[in-house]
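Here the structure comes first, spelled out in structure tokens, and everything after it is commentary.
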Amino acid sequence: MKPGHIIPASFYARDTELVARDMLGMLLQCTTAEGATSGIIVETEAYIGEHDAACHAAAGLTTRTAPLYDRAGIAYVYFIYGMYWCFNAVTRAKGLPSAVLVRAVEPVEGIARMRRRRPRAHRDRDLTNGPGKLCLALGITGSLNKQPLQRGSLVIRDYTSYPDASIAITPRIGIRHAADWPLRWIVAGNEYVSKG
DNA sequence: ATCCGGATCGCCT
DNA sequence: GGCGATCCGGATG
0 MKPGHIIPAS FYARDTELVA RDMLGMLLQC TTAEGATSGI IVETEAYIGE
50 HDAACHAAAG LTTRTAPLYD RAGIAYVYFI YGMYWCFNAV TRAKGLPSAV
100 LVRAVEPVEG IARMRRRRPR AHRDRDLTNG PGKLCLALGI TGSLNKQPLQ
150 RGSLVIRDYT SYPDASIAIT PRIGIRHAAD WPLRWIVAGN EYVSKG
């Protein structure tokens, strides 16, 4: 673990459950014309292949799902409920179209900028405790879809690590299909974990 | 604390 | 036409 070092694409070319676990503690950093904002990843979910009814790849290869079929280590940023963006890192578990959804981060850089981008958040803990919220706070939009996470304006870096004892695994939330599989990883007790 | 509806639109269970 | 890997504010207990 070397803090600051960018995570190589090979990291994402592994079983998605392992990637989701290991992404906890890494830094998600987005740089725009306004500067850099970043946060520690504290909540992730795995979406694994066409047979996972909750994974967008269940719809097969379409314009929307194309990033999932491209290559490990790129961004999959999709638009949801007509107004929000959600960020995923594309993985390649056993050749399956898969991804890890980042559901929450703990703010590190650019907190004042996050507050300006999230005027409805009355407390700092509401800045980035949800997949749509963190994209607003960090400035992540669809223009970053399919971009590699090793260079460019959206990168993931080593930052810290959490022992297994501090991590909890639960069913994924906010979905209707395959809602009982334990594919959500959270840093137990972290105040930035989403409430679902 | 918990529940519920509205916003808003690209996509296809 | 209807729904979704969400968020927010208002009502209710």
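First residue of the first sequence? That's 0 in numbering that gives the first Met the number 0, and the numbers climb one at a time after it.
All C-beta atoms in this analysis are idealised placements derived from N, C-alpha and C, irrespective of residue type, glycine included.
When the beta-carbon positions are compared, T15 and A45 come within less than 7 Å of each other. Under the three-state reduction of DSSP output, P66 falls in the helix class. In the structure shown, L17 falls within a helical segment according to DSSP collapsed to helix, strand and coil. Its Cα nearest to that of A92, the residue L17 stands out among L17, R183, I5, I185. Scanning E108, P2, L143, L126 for the CA closest to the CA of R116 turns up L126.
When DSSP states are grouped into helix, strand and coil, Y11 belongs to the helix group. CA-to-CA, the gap between D157 and R175 works out to about 33 Å.
The three-state secondary structure of R91, taken from DSSP, is coil. Secondary structure of C54 (DSSP, three-state): coil.
As the crow flies, the alpha-carbon of N189 is around 33 Å from that of G94. Per DSSP, I155 is one residue of the beta strand (DSSP E) stretching across 153-156.
For L23, no beta strand (DSSP E) segment is defined, and its DSSP state is neither H nor E. Setting aside the 5 residues that flank it on each side, I185 is surrounded in the same chain by E42, A167, V192, each with a C-beta closer than 6 Å to its C-beta; the list follows chain order.
Three or more beta-carbon pairs separated by less than 8 Å are not found between the segment 97-109 and the segment 142-151, which leaves the two stretches without contact.
When secondary structure is reduced to three states using DSSP, I110 falls in the helix class. Y11 is positioned such that its CB atom lies no closer than 7 Å to that of A74. DSSP, read as helix, strand or coil, puts R102 in strand. Around R13, the same chain offers no residue with a beta carbon nearer than 6 Å, after the five sequence neighbours per side are excluded. Under a 10 Å Cβ-count criterion, E33 is classified as exposed, with fewer than 16 other Cβ atoms of the shown protein chains found around its own Cβ. Inter-residue distance for V154 and C29 is about 7 Å (C-alpha atoms, whole angstroms).
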